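For reference, the structure is listed below as structure tokens.
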Ligand code: SER
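Numbering (this note's numbering), first residue to last: 4 to 319.
If you want it as structure tokens, here you go:
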């Protein structure tokens, strides 16, 4: 049983690849990098995840039975280049789904993980404890590709019987890769500011609550969903999932407990409008019921772990 991870150098990929290698063996996980191949790379391929022939070859050659298709352009970057967001997010997903169809017909079925996001929601969605089934009218190209993708994966499951599973990730906080084009990324950048300059200017306003999760929880959730027995998966669009909701000033207060001189200021930009169209908190009871989802990291654990690990990285 071999696994392919696309977007392997991205925020999630760079942590999921080592976690999968630990669980399934180094020789069983193929990482697909676009250009920046990390030093500790292991079994990998280099190329464009949009190149159908390349993906077909990798899947065939390595006899891949599970794909984590993580390639994606996030919300803020996507608003700067909507065409790129469409191509990277939608185009590559359609290719993978069609390859999975071919492989199924050939008797070599593939299980797929594909990430959706809180960006699938929009200004008309109820913002507090946003339910699993609700209005999906996103205001960003990123969000549009997530809604279309959710409908697409559900369709391929129902129509072609392909086992595709998905999570609507909240903002993910992590220290291994630098922040990369998301609206929730203030909650990552803030640690760079705190450790380097003891101050940070947030591009989101005080009081902007968003659902968030620490990377360790996100990786565990992803792996638990993929390990779950198929009969436990009742949602084939994408599962609501969350750990904690907070706003920039609350995170700053928590950081001040470790770095008393730390100061936050606010200078909202175009990302404020995106954040204002997203949920403040999420109802993820379906994921909890179906396959036992439960977070381990709250705000104080996230802040403590981020400062410890990023601090070490800056010292090195
Ligand atoms: N973290 C993502 C973003 O801000 C949400 O999926 O774009």
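Note that the Cβ used here is the ideal one computed from N, Cα and C, for glycine as well.
Note that the structure is a prediction, hence the values are computed from the model and not measured.
Since I believe residue j is in contact with residue i (beta carbons under 8 Å), could you give me their beta-carbon distance rounded to a whole number of angstroms?
{"i": "residue 185", "j": "residue 247", "result": "About 17 Å; that fails the 8 Å criterion."}
{"i": "residue 51", "j": "residue 57", "result": "7 Å"}
{"i": "residue 118", "j": "residue 75", "result": "7 Å"}
{"i": "residue 143", "j": "residue 78", "result": "5 Å"}
{"i": "residue 287", "j": "residue 243", "result": "4 Å"}
{"i": "residue 328", "j": "residue 262", "result": "Given that the chain is displayed from residue 4 to residue 319, the structure contains no residue 328 and the question cannot be resolved."}
{"i": "residue 29", "j": "residue 45", "result": "5 Å"}
{"i": "residue 282", "j": "residue 121", "result": "6 Å"}
{"i": "residue 257", "j": "residue 306", "result": "4 Å"}
{"i": "residue 293", "j": "residue 237", "result": "5 Å"}
{"i": "residue 8", "j": "residue 40", "result": "Incorrect: roughly 13 Å between the Cβ atoms, too far for contact."}
Got a sec: does ligand 1 put a non-hydrogen atom nearer than 8 Å to the Cβ of residue i?
{"i": "residue 10", "result": "no"}
{"i": "residue 134", "result": "no"}
{"i": "residue 120", "result": "yes"}
{"i": "residue 184", "result": "yes"}
{"i": "residue 142", "result": "no"}
{"i": "residue 324", "result": "Any question about residue 324 goes unanswered here, given that the chain covers just 4 to 319."}
{"i": "residue 173", "result": "yes"}
{"i": "residue 103", "result": "no"}
{"i": "residue 246", "result": "no"}
{"i": "residue 280", "result": "no"}
{"i": "residue 79", "result": "yes"}
{"i": "residue 145", "result": "yes"}
With DSSP as the reference, identify every bridge partner of residue i, one or two as the case may be.
{"i": "residue 112", "result": "Bridge partners of residue 112: none, in fact."}
{"i": "residue 267", "result": "203"}
{"i": "residue 243", "result": "171"}
{"i": "residue 248", "result": "214"}
{"i": "residue 285", "result": "133"}
So, are the CB atoms of residue i and residue j less than 9 Å apart?
{"i": "residue 14", "j": "residue 177", "result": "yes"}
{"i": "residue 16", "j": "residue 34", "result": "yes"}
{"i": "residue 217", "j": "residue 205", "result": "no"}
{"i": "residue 207", "j": "residue 251", "result": "yes"}
{"i": "residue 115", "j": "residue 139", "result": "no"}
{"i": "residue 198", "j": "residue 249", "result": "no"}
{"i": "residue 221", "j": "residue 193", "result": "no"}
{"i": "residue 240", "j": "residue 71", "result": "no"}
{"i": "residue 145", "j": "residue 92", "result": "yes"}
{"i": "residue 255", "j": "residue 195", "result": "no"}
{"i": "residue 4", "j": "residue 69", "result": "yes"}
{"i": "residue 159", "j": "residue 103", "result": "yes"}
{"i": "residue 164", "j": "residue 280", "result": "no"}
{"i": "residue 55", "j": "residue 37", "result": "no"}
{"i": "residue 87", "j": "residue 19", "result": "no"}
{"i": "residue 215", "j": "residue 187", "result": "yes"}
{"i": "residue 267", "j": "residue 171", "result": "no"}
Tell me whether residue i counts as near ligand 3, meaning its Cβ is closer than 8 Å to at least one heavy atom of that ligand.
{"i": "residue 188", "result": "Of the ligands this structure carries, namely ligand 1, none is ligand 3."}
**Request:** Taking only runs that begin and end inside the segment 192-237, name each unbroken alpha helix (DSSP H) of 4 or more residues, in chain order.
**Result:** Entirely contained in the segment 192-237, the alpha helix (DSSP H) runs reaching 4 residues are, in chain order, 218-230.
**Prompt:** What are the uninterrupted segments assigned as alpha helix (DSSP H) that are 4 or more residues long and contained completely in the segment 6-82, given in chain order?
**Reply:** 16-27, 55-64
**Item:** Continuous alpha helix (DSSP H) assignments of at least 4 residues falling wholly in the segment 112-179
**Value:** 144-163
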